[in-house]
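Visitor: Next up is a structure, given as structure tokens.
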Amino acid sequence: MTLEFLRSMVAINSYTANPTGVNQLARLTAAQFEALGFTAEFIPSANPAYGNHLVMTRLGRSNRSIGLVSHLDTVFPPEEELSNAFHWQIEGDRIYGPGTNDIKGGTAMMWLVLTTLCAEEPEVLDSVTWKLMWNSSEECFSPDFGDVCRRHLDSRTMAALVFESEDRCGSDSLLVVARKGRATWRVAVKGRGAHAGGKHEHGANAIVQAGDLVERIAGLTDYARMLTFNVATISGGTVLNRVPHETVIEGEFRTFDPEIYNKAKSDLLALTGSGIVRSATDGYPCQVQACVLTESRPWPRNAQTDRLFSIWKAASEELGMVVDSQERGGLSDGNLLWDSVPTLDGLGPWGDHGHCSERSADGTKLPEYVEISSFVPKALLNTVAILKLTTAQ
Ligand SMILES: [Zn+2]
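Residue numbers (our numbering): 17 to 409.
As structure tokens, this is what we get:
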């Protein structure tokens, strides 16, 4: 039943920029959970290019609530799925296919946990108000989903549980207790164009200036403080007989610590001003303009998340499983929620090669898959931990 649901989700292309597919998946998901007594609400994204967010509610006998968070979108355009023959495929204990691991397997896990509670502990299911929330556009920048969640959660919310897939260290399951924040940025250089033959010295070369900036930005990386700057793209210049007048550099930076994040941001913005590359005739300097394009705040280690983790840890010990915590580099909706309600992430099944669709004959390239045998133990862990959570307060 759970795998049938997963298969029907994977069959729908829900690339972030395919709102028709995302909305179709939202309707399928809503129909599935309506059978458990949930009511659906489709909420338009702030960005009209994306599909609807989905929120489903099941009112309990108290207004204490638990939020379960997943997303509808994947990173694979329909053409890529076709050209790489990337679709639902079971091989041994693995199911390959778009979103099997990130994150349709997580949505299937939510279903498995809730149906288990419904069958084994209906009293507990009925005692709590449940909010299930799916972001339509998690793989792109969608801070409005944080607002949607906050409107549905409050001070009576015991937890926001995020069903991104788990990582492993050996055979130990890793749950996510912190995530790096990420800022994307652009540094634009305006020089002064000139004829490269007749008036070379009149020019202020924007590419030469950019070369200096690239070195300086890359130099802001500090692995010891878990701060990384990635210079990702650079473009500039037009024709070969012209001193280039424009260059644009773009990239991102990431770190866990809010203070390090703020310092990194101010270091980047401080590049704005006159550059060091000047025209030889009159000293005309290149002009540098640094700006931050988007920001997703860090989710640092915090007491509320650690308390949730300790409940999952205790549940794992009762079940004879080994569970540990992980601070992960990638973003999730946890970044949007951790300081509003206690948040724990990595509650989905285990798999690997997320965001990959290619497969090579020699096996050096493998596409995304989820491991079938990871569903039941993880669902058991989540269910026992949720029972502990509801009785702990
Ligand atoms: Zn995801």
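Positions of the beta carbon are idealized from the N, C-alpha and C atoms, including for glycine. All of these numbers come straight from a predicted model, not from anything done at the bench.
Just to confirm the assignment: which complete alpha helix (DSSP H) runs, minimum length 4, are found wholly within the region 265 to 350?
Guide: Within the region 265 to 350, the complete alpha helix (DSSP H) runs of at least 4 residues are 274 to 285 and 319 to 335.
Visitor: Would you call residue 417 buried or exposed, if buried means 16 or more other Cβ atoms sit within 10 Å of its Cβ?
Guide: Since the first residue of the chain shown is 17 and the last is 409, residue 417 is not available in this structure.
Visitor: Shortest alpha-carbon distance to residue 143 belongs to which of 55, 133, 151 and 152?
Guide: By one-based count along the sequence shown, residue 143 stands at place 127. Checking every option, the nearest Cα to that of residue 143 belongs to 133.
Visitor: May I ask which residues mark the beginning and end of the alpha helix (DSSP H) holding residue 143?
Guide: Residue 143 sits at position 127 when you count from the first residue of the sequence shown. Unbroken alpha helix (DSSP H) run through residue 143: 138 to 143.
Visitor: Give the range of the alpha helix (DSSP H) segment to which residue 97 is assigned.
Guide: Start at 1 with the first residue of the sequence shown, and residue 97 comes out as number 81. Element bounds for residue 97: 94 to 99.
Visitor: So residue 264 and residue 202 are in contact, right, with Cβ under 8 Å, and what is the actual spacing, rounded?
Guide: Taking the first residue of the sequence shown as 1, we reach residue 264 at position 248. Taking the first residue of the sequence shown as 1, we reach residue 202 at position 186. Going by Cβ atoms, the distance from residue 264 to residue 202 rounds to 6 Å, so yes, they are a contact pair.
Visitor: Determine the extent of the alpha helix (DSSP H) in which residue 161 is found, giving its start and end residues.
Guide: Counted from its first residue, the sequence shown places residue 161 at position 145. First-last of the alpha helix (DSSP H) with residue 161: 160 to 168.
Visitor: Which residue wins for smallest C-alpha separation from residue 320, given the options 204, 289 and 357?
Guide: Indexing the sequence shown from 1 puts residue 320 at position 304. Of the candidates 204, 289 and 357, the one whose C-alpha sits nearest the C-alpha of residue 320 is 357.
Visitor: How about the region 153 to 173 and the region 46 to 63: do they share at least three Cβ pairs that are nearer than 8 Å?
Guide: The region 153 to 173 vs the region 46 to 63: in contact.
Visitor: If we call anything under 9 Å between Cβ atoms a contact, is residue 127 one with residue 269?
Guide: Locating residue 127 in the sequence shown gives position 111, counting from the first residue. Locating residue 269 in the sequence shown gives position 253, counting from the first residue. Not in contact: residue 127 and residue 269 (Cβ atoms no closer than 9 Å).
Visitor: Assuming residue 233 is part of the alpha helix (DSSP H), what are its boundary residues?
Guide: Position 217 of the sequence shown, counted from the start, is the residue given in the question as residue 233. First-last of the alpha helix (DSSP H) with residue 233: 222 to 234.
Visitor: Quick check on residue 397: does DSSP put it in helix, strand or coil?
Guide: Residue 397 sits at position 381 when you count from the first residue of the sequence shown. Correct three-state label for residue 397: helix.
Visitor: With DSSP as the reference, please indicate the residues paired to residue 86 in a beta bridge.
Guide: What you label residue 86 is simply residue 70 of the sequence shown in a count that begins at 1. BP columns for residue 86 point to 150.
Visitor: Would you call residue 239 buried or exposed, if buried means 16 or more other Cβ atoms sit within 10 Å of its Cβ?
Guide: Translated into the one-based positions of the sequence shown, residue 239 becomes position 223. It counts as exposed.
Visitor: Since residue 31 sits in a beta bridge, which residues does DSSP pair it with?
Guide: Residue mapping note: residue 31 aligns to position 15 of the sequence shown, counting from 1. Answer is 90.
Visitor: What does a CB cutoff of less than 8 Å around residue 89 pick up in its chain, not counting 5 residues either side in sequence?
Guide: Along the sequence shown, one-based indexing puts residue 89 at 73. Contacts found: 30, 31, 32, 38, 66, 67, 151, 152, 153, 154, 155 and 156.
Visitor: Is the beta carbon of residue 142 within less than 8 Å of some heavy atom of ligand 1?
Guide: Counting from one through the sequence shown, the residue named residue 142 turns up at place 126. Residue 142: no, Cβ never under 8 Å from ligand 1.
Visitor: Give me the Cα-Cα distance between residue 283 and residue 316, rounded to the nearest whole angstrom.
Guide: The residue labelled residue 283 in the question sits at position 267 within the sequence shown. The residue labelled residue 316 in the question sits at position 300 within the sequence shown. Going by the C-alpha atoms only, they are around 21 Å apart.
Visitor: Quick check on the contact list: which residues have their beta carbon closer than 7 Å to a heavy atom of ligand 1?
Guide: Working through the chain, the matches are 87, 118, 119, 154, 155, 180 and 348.
Visitor: So, with DSSP's three-state summary, where would you put residue 112?
Guide: The residue given as residue 112 occupies position 96 in the sequence shown. In the structure shown, residue 112 sits in a strand (DSSP, three-state: E or B).
Visitor: Under 8 Å by Cβ, that's how I've got residue 291 and residue 302 pegged, so tell me the actual separation to the nearest angstrom.
Guide: The residue labelled residue 291 in the question sits at position 275 within the sequence shown. The residue labelled residue 302 in the question sits at position 286 within the sequence shown. Yes, they are in contact, since the Cβ atoms of residue 291 and residue 302 sit about 4 Å apart, within 8 Å.
Visitor: Secondary structure at residue 392, three-state DSSP: helix, strand or coil?
Guide: Here the question's residue 392 lines up with position 376 in the sequence shown. In the structure shown, residue 392 sits in a helix (DSSP, three-state: H, G or I).
Visitor: Smallest Cα separation from residue 52: which of 403, 400 and 76?
Guide: Counting from one through the sequence shown, the residue named residue 52 turns up at place 36. Cα-wise, what sits closest to residue 52 is 76.
Visitor: How is residue 442 classed by DSSP in three states: helix, strand or coil?
Guide: Only positions 17 to 409 of the chain appear in the structure, and residue 442 is not among them; the question remains open.
Visitor: For residue 345, count the other beta carbons within 10 Å of its own beta carbon; 16 or more makes it buried, fewer makes it exposed. Which is it?
Guide: Walking along the sequence shown from the start, residue 345 turns up at place 329. Classification for residue 345: exposed.
Visitor: Within its chain, find whatever has a CB closer than 8 Å to the CB of residue 370; leave out the 5 residues flanking it on each side and keep chain order.
Guide: Position 354 of the sequence shown, counted from the first residue, corresponds to residue 370. Within the same chain, residue 370 has close Cβ partners 117, 118, 181 and 384.
Visitor: If you run the structure through DSSP and keep just helix, strand and coil, what is residue 77?
Guide: Residue numbering aside, residue 77 sits at position 61 when the sequence shown is read from its first letter. If DSSP states are grouped into helix, strand and coil, residue 77 belongs with coil.
Visitor: Going along the chain, which residues of its own chain have a beta-carbon closer than 7 Å to the beta-carbon of residue 309, five neighbours each way excluded?
Guide: Here residue 309 refers to the residue found at position 293 of the sequence shown. Once the five neighbours on either side are set aside, the close Cβ partners of residue 309 are 200, 201 and 202.
Visitor: So who's on the other strand from residue 200, going by DSSP bridges?
Guide: The residue labelled residue 200 in the question sits at position 184 within the sequence shown. Note: residue 200 sits in a beta bridge opposite 268 and 310.
Visitor: Which residue from 266, 235 and 256 puts its Cα closest to that of residue 250?
Guide: For the purposes of this step, residue 250 is taken as residue 234 along the sequence shown, with counting starting at 1. With distances taken between Cα atoms, residue 250 lies closest to 266.
Visitor: Nearest to residue 307 by CA position, among 382, 205, 299 and 323, is which residue?
Guide: Within the sequence shown, the letter at position 291 stands for residue 307. Here the closest residue by C-alpha is 205.
Visitor: Within 10 angstroms of the Cβ of residue 85, are there 16 or more other Cβ atoms? Answer buried if so, exposed if not.
Guide: If you number the sequence shown from 1, residue 85 lands on position 69. Buried, because 16 or more other Cβ atoms sit within 10 Å of the Cβ of residue 85.
Visitor: My assumption, with CB atoms under 8 Å, is that residue 54 sits in contact with residue 25. Please give the rounded CB distance.
Guide: On the sequence shown, position 38 is the one that residue 54 refers to. On the sequence shown, position 9 is the one that residue 25 refers to. Not a contact, Cβ separation roughly 16 Å.
Visitor: In angstroms with no decimal places, state the Cα-to-Cα distance between residue 227 and residue 69.
Guide: Here residue 227 refers to the residue found at position 211 of the sequence shown. Here residue 69 refers to the residue found at position 53 of the sequence shown. Whole-angstrom Cα-Cα distance: 42 Å.
Visitor: When you compare each of 382, 211 and 373 to residue 97 by their alpha carbons, which one comes out closest?
Guide: The count along the sequence shown starts at 1 and reaches residue 97 at position 81. Closest option to residue 97, Cα to Cα, is 373.
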